[in-house]
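If you read the sequence shown in my numbering, its first letter stands for residue 4, the second for the next number, and so on. Where is the CB? At the ideal position from N, CA and C, for every residue including glycine. Inspection log for the structure reproduced underneath, given as structure tokens.
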Amino acid sequence: MCWITFGFAWGLFEGVFGKEVVGEEKKCVAKGDEKCVFEFRIVE
């Protein structure tokens, strides 16, 4: 389930900023974490 949210957020950020974005999943409920946490950054 996290990958659906991750992919949606990734596409949203690229669309909003108009730049290439890379992301990483830091925590995942499916892996036993309390919540899903993603980190994104704009590629310079």
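query                                                                                            : result
Which residues share a DSSP beta bridge with I45?                                                : V24
With DSSP as the reference, identify every bridge partner of V40, one or two as the case may be. : K30
Is the distance from the Cβ of F43 to the Cβ of V19 below 8 Å?                                   : no
Rounded to whole angstroms, what is the Cα-Cα separation between E17 and I45?                    : 8 Å
Is the Cβ-Cβ distance between A13 and G26 less than 8 Å?                                         : Position check: residue 13 holds Trp in this sequence, whereas Ala was assumed. Taking 8 Å as the Cβ cut-off, W13 and G26 qualify as a contacting pair.
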